[in-house]
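Novice:
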Amino acid sequence: MTTATPSRTTGSAPLQASPMPLPTPRGRIGEALLRLLTGATLDPAPLHSAVAAAVPGPTRSWLDHDDLQIALTCMYELHHQGLEGVDDDWEWHPDVLVARSLLERRVEAELRDRVIAPAPGATAADVAATLFATAAADDAPSVSRHLARRATQPQVEEFLVHRSVYQLKEADPHTWAVPRLTGAPKVALVEIQSDEYGAGDPARQHAALFAAAMRGVGLDDTYGRYVDHVPAITLAHPNVMAMLGLNRRLRGAIVGHLAAFEMTSSVPNRLYGNGLRRLGFGADVTEYFDEHVEADAVHEQIAARDMAGRLVEQQPALGPDVMWGAAVCLALDGWWARHVLAAWDAGTSSLRRPVR
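First residue of the sequence shown? That's 492 in this note's numbering, and the numbers climb one at a time after it.
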């Protein structure tokens, strides 16, 4: 993979279209997939046999299965910015879709088994109250508190590297839900997404502000630059977002996911900003986090009541999936936080390979 020279400029700038560099395969699935996508072979049989033969990861989980998660990352990227050197025709190619569907079913089955969600209630007010109560009851360890109080600069860099996998395309997986909704839930979703995309100013896109934060600490803000550096559990959350967003049958879950995502953002981002200021970073680095303190305090109300709540009122059958999607968001973030903090508490890196 080509390594770009890190940008040292500060301040936000409009994002440039850039396909993701081809990541390094982490096993048979990834190897077979990339050989197919790059034209090294025309035979899909090795990909399908590798998918069929795969077993769960070291902790008997598909979420820490490096080979499966890097393959899903590549497959989903075909629907976003694309992959370097890969023809766009692969986006909806049956050979890729069959393999992706099998991988998705395994991830979804595990999440259905591990993540239990409360009943949603019948009214928008009931749904919102249950969502807020679920978020408040979450007992996952807090990376944001660690960054605010104790994190070193290398740990801050690792945090930004982890987050860059999703944050450099922030909001995109949730946007897949727009054409799947109608009426009040659709309007609420578009209102949230408009702010995520800069409210008319390309330089104010949240992804652009995050890229500026990366540049401010001396990291490379190239799209997908650090995919090879992060573990499977980091890839799993944006992959699940893409799975929920791209499958219409899971539209309730992607709405619930976004609701929980917005409801658990404001306070952590205040702490992230405080931690960065503690280490001496300026507004070019903290602006992304400071922006989310106010924006997401507003978004959480819209997401819980007007989007998720109104959707359940509209389509009661989607209620269980709305709550499950919210619970999945909290669970995935918690599992990632435990990985990161366990590594830091042990004095080791939370990444697969060093940043520098």
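Idealized CB from N, CA, C, for every residue including glycine. Treat the numbers as computed from the prediction; the structure is a model and nothing was measured.
Kindly identify the DSSP beta-bridge partner or partners of Met511.
Specialist: In the sequence shown, the residue the question calls residue 511 occupies position 20. The partner list for Met511 (beta bridge, DSSP) reads Leu574.
Novice: Is it buried or exposed for Asp712, if we count other Cβ within 10 angstroms and need 16 for buried?
Specialist: Numbered from 1 along the sequence shown, position 221 holds the residue referred to as residue 712. It is buried - the Cβ of Asp712 has at least 16 other Cβ atoms within 10 Å.
Novice: Output needed for Leu651: all residues of its chain with C-beta closer than 7 Å, excluding positions within five of it in sequence on either side, in chain order.
Specialist: By one-based count along the sequence shown, residue 651 stands at place 160. Around Leu651: Ala704, Met705, Val708 and Leu710.
Novice: Alpha carbon to alpha carbon, how far is Ala531 from Ala733? Give it in angstroms, no decimals.
Specialist: Within the sequence shown, residue 733 is the residue found at index 242, counting from 1. Within the sequence shown, residue 531 is the residue found at index 40, counting from 1. One C-alpha to the other measures close to 27 Å.
Novice: Just to check, is the beta-carbon of Ala808 closer than 7 Å to a non-hydrogen atom of the ligand MG?
Specialist: The ligand MG is not part of the structure shown, which contains no ligands of any sort.
Novice: Is it buried or exposed for Val649, if we count other Cβ within 10 angstroms and need 16 for buried?
Specialist: Your numbering for residue 649 matches position 158 in the sequence shown. Here residue 649 is Glu; the residue named in the question, Val, does not match the sequence. Per the 10 Å Cβ criterion, buried.
Novice: Apart from the five residues just before and just after Asp555, which ones in its own chain have a Cβ nearer than 6 Å to its Cβ?
Specialist: Here residue 555 refers to the residue found at position 64 of the sequence shown. Counting only Cβ-Cβ distances below 6 Å, and skipping sequence neighbours, we find Gly548, Ala723 and Ile724.
Novice: Go ahead and label Ser592 buried or exposed: buried means 16 or more other beta carbons lie within 10 angstroms of its beta carbon, across all protein chains shown.
Specialist: The sequence position of residue 592 within the sequence shown is 101, counting from 1. Per the 10 Å Cβ criterion, exposed.
Novice: When you compare each of Ala699, Pro693, Ala626 and Gly674 to Tyr657 by their alpha carbons, which one comes out closest?
Specialist: Mapped onto the sequence shown, residue 657 falls at position 166. Per the Cα distances, Ala699.
Novice: Does DSSP put Asp711 in a helix, a strand or coil?
Specialist: The residue given as residue 711 occupies position 220 in the sequence shown. DSSP places Asp711 in coil when its eight states are reduced to three.
Novice: Which runs of the alpha helix (DSSP H) spanning at least 4 residues fall entirely within the region 783 to 818, listed in chain order?
Specialist: Qualifying alpha helix (DSSP H) stretches, in chain order: 801 to 805.
Novice: Find the nearest neighbour of Ile793 within the set Ala679, Asp824, Phe780 and Arg695, judged by alpha-carbon distance.
Specialist: Your numbering for residue 793 matches position 302 in the sequence shown. Residue Ala679 is the option with its Cα nearest to Ile793.
Novice: Please list, in chain order, all residues of the same chain as Cys820 whose beta carbon is under 7 Å from its beta carbon, the five residues on each side excluded.
Specialist: Stepping through the sequence shown from its first residue, residue 820 is reached at position 329. Closer than 7 Å at Cβ, skipping near neighbours: His748, Ala751 and Phe752.
Novice: Are Gly800 and Phe780 close, meaning C-beta to C-beta below 8 Å?
Specialist: Within the sequence shown, residue 800 is the residue found at index 309, counting from 1. Within the sequence shown, residue 780 is the residue found at index 289, counting from 1. No, Cβ-Cβ distance for Gly800 and Phe780 is not below 8 Å.
Novice: Is it the case that the Cβ atoms of Tyr714 and Ser552 are separated by a distance below 8 Å?
Specialist: The residue given as residue 714 occupies position 223 in the sequence shown. The residue given as residue 552 occupies position 61 in the sequence shown. For Tyr714 and Ser552, no; Cβs fall outside 8 Å.
Novice: In the DSSP assignment, the alpha helix (DSSP H) including Ala723 goes from what residue to what residue?
Specialist: Along the sequence shown, read from residue 1 onward, the residue named residue 723 stands at position 232. Its alpha helix (DSSP H) spans residues Ala723 to Leu737.
Novice: Can you give me the C-alpha to C-alpha distance between Leu533 and Ala590, rounded to a whole angstrom?
Specialist: Taking the sequence shown and counting its residues from 1, the one referred to as residue 533 is at position 42. Taking the sequence shown and counting its residues from 1, the one referred to as residue 590 is at position 99. Approximately 15 Å between the Cα atoms of the pair.
Novice: In terms of alpha-carbon separation, which member of Ala536, His653, Leu528 and Leu726 lies closest to Pro845?
Specialist: Looking up residue 845 in the sequence shown gives position 354. The shortest Cα separation from Pro845 among Ala536, His653, Leu528 and Leu726 belongs to His653.
Novice: In whole angstroms, what separates the C-alpha of Asp787 from that of Ser655?
Specialist: Reading the sequence shown from its first residue, position 296 is the one you call residue 787. Reading the sequence shown from its first residue, position 164 is the one you call residue 655. Approximately 19 Å, taken between the alpha carbons.
Novice: Does the distance from the CB of Val746 to the CB of Pro811 come in under 8 Å?
Specialist: Taking the sequence shown and counting its residues from 1, one reaches residue 746 at position 255. Taking the sequence shown and counting its residues from 1, one reaches residue 811 at position 320. No. Outside cutoff.
Novice: Can you tell me whether Ile520 is buried or exposed? The criterion is at least 16 other CB atoms within 10 Å of its CB, across all chains shown.
Specialist: Taking the sequence shown and counting its residues from 1, one reaches residue 520 at position 29. Buried, by the Cβ-count rule.
Novice: Check for me: the alpha helix (DSSP H) holding Glu661 runs from which residue to which?
Specialist: In the sequence shown, the residue the question calls residue 661 occupies position 170. Looking at the DSSP string, Glu661 is not in any alpha helix (DSSP H), and its letter there is neither H nor E.
Novice: Expressed to the nearest angstrom, what Euclidean distance is found between the alpha-carbon atoms of Thr493 and Leu538?
Specialist: In the sequence shown, residue 493 corresponds to position 2, counting from 1. In the sequence shown, residue 538 corresponds to position 47, counting from 1. Residue placement at Thr493 is flagged as unreliable, the pLDDT there being 30, under the threshold of 50; a coordinate-derived value is accordingly withheld.
Novice: Is it right to say Arg761 is buried, meaning 16 or more other beta carbons lie within 10 angstroms of its own, or is it exposed?
Specialist: Residue 761 sits at position 270 when you count from the first residue of the sequence shown. So Arg761 counts as buried.
Novice: Look at the alpha carbon of Thr515 and the alpha carbon of Val718, and state the distance between them as a whole number of angstroms.
Specialist: What you label residue 515 is simply residue 24 of the sequence shown in a count that begins at 1. What you label residue 718 is simply residue 227 of the sequence shown in a count that begins at 1. Approximately 9 Å between the Cα atoms of the pair.
Novice: For Val721 and Trp826, I'd like the C-alpha separation in whole angstroms.
Specialist: The residue given as residue 721 occupies position 230 in the sequence shown. The residue given as residue 826 occupies position 335 in the sequence shown. Using only the alpha carbons, I get a separation of about 14 Å.
Novice: Taking the alpha helix (DSSP H) that Ala694 belongs to, which residues open and close that run?
Specialist: Stepping through the sequence shown from its first residue, residue 694 is reached at position 203. Note, Ala694: premise wrong, no alpha helix (DSSP H); not H, not E.
Novice: DSSP three-state call for Thr625: helix, strand or coil?
Specialist: Numbered from 1 along the sequence shown, position 134 holds the residue referred to as residue 625. Helix.
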